[in-house]
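Participant: Chains F and W, in that order, give the protein sequences. Counting from 1 along the first sequence, just add 25 to a position and that's the residue number in this note's numbering. Counting from 1 along the second sequence, just add 25 to a position and that's the residue number in this note's numbering.
Protein chains: 2
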Amino acid sequence: MARDERKRPTIYDVAREAELAPSTVSRALSNPGRVSSRTREHVLAVADRLGYQVNSLASALPSGRTHTVALFVSDITNPHFFGIIRGAEHQARAAGCTLILGDTEESPEVEARNIERLGSSVDGFVVAASRMTDEDIEALAGKHRVALISRQLAGLPSVIVDHVDGTREIVEHLAALGHESLVYLAGPRRAWLTDQRWRGLAQAARRVGMSARRLGPFQPTMRAGANAADVALGSGATAAVAHNDLMAIGMLRRVAERGMRVPDDLSVVGFDDIFGSDISSPALTTLGGPFEEVGRLAVDSLLGMREKSREAGRAEQIVLPSHLVIRGSTGKAPVR
Amino acid sequence: MARDERKRPTIYDVAREAELAPSTVSRALSNPGRVSSRTREHVLAVADRLGYQVNSLASALPSGRTHTVALFVSDITNPHFFGIIRGAEHQARAAGCTLILGDTEESPEVEARNIERLGSSVDGFVVAASRMTDEDIEALAGKHRVALISRQLAGLPSVIVDHVDGTREIVEHLAALGHESLVYLAGPRRAWLTDQRWRGLAQAARRVGMSARRLGPFQPTMRAGANAADVALGSGATAAVAHNDLMAIGMLRRVAERGMRVPDDLSVVGFDDIFGSDISSPALTTLGGPFEEVGRLAVDSLLGMREKSREAGRAEQIVLPSHLVIRGSTGKAPVR
DNA sequence: TTGAAAGCGCTAACAT
DNA sequence: ATGTTAGCGCTTTCAA
């Protein structure tokens with residue numbers, strides 16, 4: 026082990042080489058404007074020549090700014106989150122931050138534990154589809170910067186896709202096809218969206234005179250979709266709205282297995298417009314949304330929190346428009 | 026701002042409360058065995074009572090161990106990586122580490138830049154489907170701990186899924202169906218796997234007396250699959266092996282668009298067995314592999330590098346078995 | 001505008 | 001087995 030051969034240069038090396046104080050180098054590097062432009066350029070040149078790179082750990086320690094944000098999703102294998110992850114990753118990178126990805130595995134405990142564990146080593150948390158209780162989220166938000174995705178909570182910044190308008194669109198689409206009854210195959214009880222979607226569907230159904238029932242809850246997976254399909258088929262309804270596309274695709278398959286046909290015997294609608302929803306057969310009618318944008322905006326409002334929202338009293342709650350993607354899984358209601 | 030109200034307790038607080046030296050607290054917390062069990066328990070109790078939590082940044086600075094690993098994938102929206110990501114996340118968490126996820130967007134430049142940027146703030150890098158040159162990877166490995174996924178390079182730990190056996194299986198499957206000619210729709214030139222897969226296919230084809238041609242390169246996306254389908258159809262071959270499932274699914278769709286049928290007019294095979302490959306119609310015949318395991322093992326060998334491999338002279342190169350999943354996209358060769 | 005110096009919270013020799 | 005004491009590389013008052 027040589028002495029100073031293999032080590033990365035520090036601001037001290039740059040300072041010595043530039044014949045300046047380390048503090049000046051520090052300013053030149055991260056606080057331009059508080060240093061004369063001549064010295065700044067000099068410092069930059071020397072730093073470049075020496076191959077200097079900031080040690081982000083070292084700078085995070087005294088400043089408290091880690092330039093890192095964490096994104097937690099409830100199930101990392103659900104394609105629904107891909108867009109969100111990508112959007113978040115992009116926005117984080119654009120802001121000079123690093124993204125940490127965590128899987129909470131549908132468990133509020135795992136969620137809380139993992140967030141706690143990261144604690145001081147991130148600037149904030151973006152939590153997608155949190156399964157925690159409102160109280161726990163509020164407690165969390167008291168200690169850390171938090172932005173929510175697919176969930177709203179007073180006082181916290183959030184980004185969701187419009188489900189009020191979306192569910193209305195779904196119901197009107199089904200009504201136009203002659204359906205008079207629908208079932209909602211509910212998602213997990215802890216998922217905020219489960220109630221929201223049900224509420225939207227029920228309300229819209231009422232307005233158009235369609236009957237609506239809520240069944241479940243089910244795990245939001247393809248596997249659970251099989252069970253959901255059986256339940257839907259048994260309900261006598263002509264249209265089934267699944268909590269998400271994973272379930273809906275599982276339903277499609279199960280219905281076929283049982284020798285029945287979509288949409289002739291049952292129309293099926295999903296949520297999210299995930300990768301795969303257009304390659305199933307029939308392709309899935311589903312409520313899509315700009316999920317990359319969701320991820321991007323969530324990181325954005327997390328990072329921007331300090332500047333305005335928080336001091337302005339309340340956080341911004343963003344609602345992005347949803348759009349119904351009509352494909353082959355919905356069709357005319359069977360005549361009974 | 027109160028003085029010591031809102032701040033998280035440090036080892037100094039614990040030390041004062043436990044009437045010990047900070048260093049003893051530090052040992053008790055992270056080096057048990059170098060402290061009497063009585064004091065250790067005492068420290069633990071006090072730490073617990075005070076709600077102490079380590080500041081991982083602060084501990085990383087002097088020790089150099091960040092307990093963080095980075096995973097880079099070439100395209101974060103490719104479902105192929107979901108399993109790898111999940112496996113890596115699990116193994117990292119099991120080892121008490123945090124996972125940083127990076128998207129290199131098929132670009133060697135983005136890849137190099139992002140890796141460089143993280144530099145000292147991670148314990149090592151797992152790079153999946155690197156697009157960098159061997160030389161650049163070697164240079165990188167000289168400065169950081171690196172483990173490769175879906176790529177082999179002498180001296181570096183790696184995890185791949187067996188493509189030699191896999192391509193043989195594909196070819197024999199096609200031969201058994203009476204195919205006498207195949208085309209390989211190649212992936213990106215910079216992808217190590219592109220050449221490997223072609224080599225395996227060509228060699229296996231030679232052995233069974235099948236003709237084989239390589240076409241492309243194509244981007245490994247569904248969109249590029251359309252182009253690949255046209256080229257494959259124009260080639261006169263009866264079987265097409267796509268570089269990955271994304272391309273293969275894109276091909277399936279394009280073939281149908283052109284009014285031809287899979288597998289009657291053309292058999293199609295993919296690689297990876299991604300989510301979605303079994304819901305397309307026809308469902309895709311594809312070479313699968315234990316990708317969660319791949320992610321897990323890659324993190325594992327990265328983290329274990331210091332202990333044995335490195336000193337034992339060379340890194341372990343793990344090859345996991347692949348398996349051909351036969352579905353509807355392959356069938357008897359058309360009679361010409 | 002620049003420099004000096006005191007930390008950030010923890011680890012790791014080196015003593016004891 | 002435990003305490004003392006330097007740092008790790010950077011930021012940030014406070015002076016000059």
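C-beta atoms are modelled at their ideal positions from N, C-alpha and C, and glycine is treated no differently.
Rounding to the nearest angstrom, what Cα-Cα distance links W:S302 and F:R321 in this structure?
Facilitator: Rounded to the nearest angstrom, the two C-alpha atoms are 28 Å apart.
Participant: Out of W:E160, W:A72, W:A249, W:D148, state which residue places its alpha-carbon closest to the alpha-carbon of W:L54.
Facilitator: That would be W:A72, whose Cα lies nearest to the Cα of W:L54.
Participant: Strictly below 9 Å CB to CB, what residues from chain F border W:E114?
Facilitator: Result: I101, L126, G127, D128.
Participant: Taking C-beta to C-beta, are F:V293 and F:L309 nearer than 8 Å?
Facilitator: In contact: F:V293 and F:L309 (Cβ atoms closer than 8 Å).
Participant: Assign W:E136 to buried or exposed, taking buried as 16 or more other Cβ atoms, counted over all protein chains shown, within 10 Å of its Cβ.
Facilitator: Buried is the call here.
Participant: What residue does the beta strand (DSSP E) around F:R33 start on, and which one ends it?
Facilitator: Unbroken run through F:R33: none, as it is neither H nor E.
Participant: So with Cβ pairs under 8 Å, would you call F:F150 a contact of chain W?
Facilitator: Taking Cβ atoms only, chain W never reaches closer than 8 Å to F:F150, which makes this a no.
Participant: For W:R335, would you say it is in contact with chain F, using Cβ-to-Cβ distances shorter than 8 Å as the test?
Facilitator: Model confidence at W:R335 stands at a pLDDT of 48, short of 50, so the residue's coordinates are unreliable; what they give is reported in the following sentence. Answer no: the Cβ-Cβ gap between W:R335 and chain F never drops below 8 Å.
Participant: At which residues does the alpha helix (DSSP H) containing F:A229 begin and terminate?
Facilitator: Element bounds for F:A229: 217-233.
Participant: Just checking my contact of W:E318 with W:L345 at CB under 8 Å: how many whole Å lie between their CB atoms?
Facilitator: Indeed, because the Cβ distance is near 6 Å, the residues count as touching under 8 Å.
Participant: Going by DSSP, name the residue or residues bridged to W:V208.
Facilitator: According to DSSP, which records beta bridges pairwise, W:V208 is partnered with W:R238, W:A265.
Participant: Mind listing the chain W neighbours of F:R33? Cutoff is C-beta to C-beta under 8 Å, in chain order.
Facilitator: In chain order: G144, S145.
Participant: Could you list which residues in chain W have their beta carbon closer than 8 Å to that of F:R111, in chain order?
Facilitator: Near F:R111 (Cβ distances below 8 Å), the residues of chain W are I101, T102, D128.
Participant: Can you list, in chain order, the residues of the stretch 69-93 of chain W whose Cβ is nearer than 9 Å to any Cβ on chain F?
Facilitator: Residues Q78, V79, N80, S81, L82, A83, A85, L86, T91, T93.
Participant: For my contact list, W:L178 and W:D159 are in at a C-beta cut-off of 8 Å; report their separation, rounded to the angstrom.
Facilitator: Confirmed, Cβ separation roughly 6 Å.
Participant: Only counting the same chain, and skipping five residues up and downstream in sequence, which positions put a Cβ closer than 7 Å to that of W:S81?
Facilitator: Within the same chain, W:S81 has close Cβ partners H92.
Participant: Find out if the Cβ-Cβ distance for the pair F:L312, F:V280 is shorter than 8 Å.
Facilitator: No, these two residues do not count as a Cβ contact at 8 Å.
Participant: Counting only Cβ pairs nearer than 7 Å, list the residues of chain F close to W:T378.
Facilitator: Given a span of 26 to 361 for chain W in the structure shown, any question on residue 378 of chain W remains unanswerable.
Participant: Report yes or no: is there a C-beta of chain F within less than 8 Å of the C-beta of W:G301?
Facilitator: True, the Cβ-Cβ gap to chain F drops below 8 Å.
Participant: Skipping 5 residues on each side, what residues in its chain have a beta carbon closer than 7 Å to that of F:A249?
Facilitator: Within the same chain, F:A249 has close Cβ partners F243, M272, G275.
Participant: On the three-state DSSP scale, how would you describe F:E42?
Facilitator: Helix at F:E42.
Participant: In chain F, which residues lie with their C-beta within 9 Å of the C-beta of W:S260?
Facilitator: The contacting residues do not exist; W:S260 stays about 24 Å from chain F at best.
Participant: Counting only beta-carbon separations shorter than 8 Å, does W:S305 have a partner in chain F?
Facilitator: Interface residue, yes.
Participant: W:S155: which of W:L124, W:L207, W:I101 sits nearest, CA to CA?
Facilitator: It is W:I101 whose Cα lies nearest to the Cα of W:S155.
Participant: Could you tell me the alpha carbon to alpha carbon distance between W:A164 and W:I140, rounded to whole angstroms?
Facilitator: So the alpha carbons of these two residues sit roughly 12 Å apart.
Participant: Given that F:I195 touches chain W, what residues does it touch there, using C-beta distances under 7 Å?
Facilitator: The premise fails here: F:I195 is roughly 21 Å from chain W at the closest Cβ pair, so nothing lies under 7 Å.
Participant: Which word fits F:A227, buried or exposed, when buried means at least 16 other C-beta atoms lie within 10 angstroms of its C-beta?
Facilitator: F:A227 is buried by the Cβ-count criterion.
Participant: With a 10 Å radius around its C-beta and 16 neighbouring C-beta atoms as the bar for buried, classify F:V39 as buried or exposed.
Facilitator: The residue is buried, with at least 16 neighbouring Cβ atoms inside 10 Å.
Participant: Since W:I162 meets chain F, which of its residues come closer than 9 Å, beta carbon to beta carbon?
Facilitator: Neighbours of W:I162 on chain F: none; closest Cβ ~19 Å, over 9 Å.
Participant: Would you say F:I274 reaches chain W, if we count a Cβ-Cβ gap shorter than 8 Å as a contact?
Facilitator: Interface residue, yes.
Participant: Between which two residues does the beta strand (DSSP E) harbouring W:Q342 extend?
Facilitator: Element bounds for W:Q342: 342-345.
Participant: Excluding the 5 residues preceding and the 5 following F:P34 in the sequence, name in chain order all residues of the same chain whose CB lies nearer than 7 Å to its CB.
Facilitator: Closer than 7 Å at the Cβ level, and outside the excluded window around F:P34, lie L75, G76, Y77.
Participant: How far does the beta strand (DSSP E) with W:D128 in it reach, from first residue to last?
Facilitator: Looking at the DSSP string, the run of the beta strand (DSSP E) that includes W:D128 is 123-128.
Participant: Take F:V184 and list the residues in its own chain whose beta-carbon comes closer than 6 Å to its own, dropping the five residues that flank it on each side.
Facilitator: So the qualifying residues of the chain are I174, V319, L322, A323, I343.
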